[in-house]
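In my numbering, the protein residues as written are 110 to 220. We treat Cβ as the ideally placed atom computed from N, Cα and C, and that holds for glycine. All values derive from a computational prediction rather than experimental measurement.
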Amino acid sequence: MFSLDYYHSKFTFIGDKEELLNQFDFLFGRYFDNESWNIRFQIQGGLGTLKGITYNESEQISTIGVPLKLGLKWLPASSFGVGIDLQAKLTSKYSIYMIMASIEFGKLKNK
Numbered sequence: 110m111f112s113l114d115y116y117h118s119k120f121t122f123i124g125d126k127e128e129l130l131n132q133f134d135f136l137f138g139r140y141f142d143n144e145s146w147n148i149r150f151q152i153q154g155g156l157g158t159l160k161g162i163t164y165n166e167s168e169q170i171s172t173i174g175v176p177l178k179l180g181l182k183w184l185p186a187s188s189f190g191v192g193i194d195l196q197a198k199l200t201s202k203y204s205i206y207m208i209m210a211s212i213e214f215g216k217l218k219n220k
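The structure is reproduced here in C-alpha cells:
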C-alpha cells in the first residue's frame, strides 16, 4: 500500500504567536483486514518534508523527517471507508503528533 499525504496547518496562540506548517509525505505500508466486521488496520511509514514557522521560537524550519501512521478504518462498502489515524512526523528539529479523522475512496476491497 502506498500513499501521498499533504498536511497544512495554521494555529494562532495567545499573544498573537502563530504556527504555520506544511508537510508532504510519501508513505508505504501494510494493512490487515477483518472481513467479518468490515474493519481494516493500517500501518505506514516513509519519508517526507516539513516546512514552516514554529510558534515557540518563531523560527523558520525546513527539514526532512520520517512520517508514521497507524489507522483503524470501517469499510461499509468496497469503495468507501471512514476511520481514525494516529500520525507522527519525526524530525531532528520539530516533531509533530496528531489524531485525524479519515475518509477513503477507491477500490478498498475485492468484492
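Quiz item: For residue 193, which of helix, strand or coil comes out of DSSP?
Solution: Here residue 193 is taken as the residue at index 84 of the sequence shown, counted from 1. DSSP places residue 193 in strand when its eight states are reduced to three.
Item to complete: Look at the alpha carbon of residue 123 and the alpha carbon of residue 163, and state the distance between them as a whole number of angstroms.
Response: Translated into the one-based positions of the sequence shown, residue 123 becomes position 14. Translated into the one-based positions of the sequence shown, residue 163 becomes position 54. Cα-Cα distance, rounded: 14 Å.
Report the three-state DSSP secondary structure of residue 217 (helix, strand or coil). One-based indexing of the sequence shown puts residue 217 at position 108. When DSSP states are grouped into helix, strand and coil, residue 217 belongs to the coil group.
Practice task
Please confirm if the stretch 210–217 is in contact with the stretch 177–190, defined as three or more CB-CB distances below 8 Å between the two stretches.
Solution key: The answer is yes - the stretch 177–190 touches the stretch 210–217, with three or more Cβ pairs under 8 Å.
* Test item: CB-CB of residue 199 and residue 208 under 8 Å -> Taking the sequence shown and counting its residues from 1, the one referred to as residue 199 is at position 90. Taking the sequence shown and counting its residues from 1, the one referred to as residue 208 is at position 99. When the beta-carbon positions are compared, residue 199 and residue 208 stay at least 8 Å from each other.
Which residue comes first and which comes last in the beta strand (DSSP E) that contains residue 120?
Numbered from its first residue, the sequence shown carries residue 120 at position 11. Start and end: 111–121.
* Identify every residue that forms a DSSP beta bridge with residue 158. => Residue 158 sits at position 49 when you count from the first residue of the sequence shown. DSSP lists 133 and 173 as partners of residue 158.
*In chain order, what residues of the same chain have a beta carbon less than 8 Å from the beta carbon of residue 148, not counting five sequence neighbours either side?*
To locate residue 148, count along the sequence shown from 1; it is residue 39. Within its own chain, the residues whose Cβ lies closer than 8 Å to the Cβ of residue 148, once the five positions on either side in sequence are excluded, are 142, 181, 182, 183 and 184, listed in chain order.
Could you name the residues of the same chain whose beta carbon sits closer than 7 Å to that of residue 155, not counting the 5 residues immediately before and after it, in chain order?
Here residue 155 refers to the residue found at position 46 of the sequence shown. Leaving aside the five residues that flank residue 155 on each side, the residues in its chain whose CB is nearer than 7 Å to its CB run, in chain order, 134, 135, 136, 137 and 176.
Q. Does the distance from the C-beta atom of residue 172 to that of residue 201 stay below 8 Å?
A. Against the sequence shown, residue 172 aligns to sequence position 63. Against the sequence shown, residue 201 aligns to sequence position 92. Taking 8 Å as the Cβ cut-off, residue 172 and residue 201 qualify as a contacting pair.
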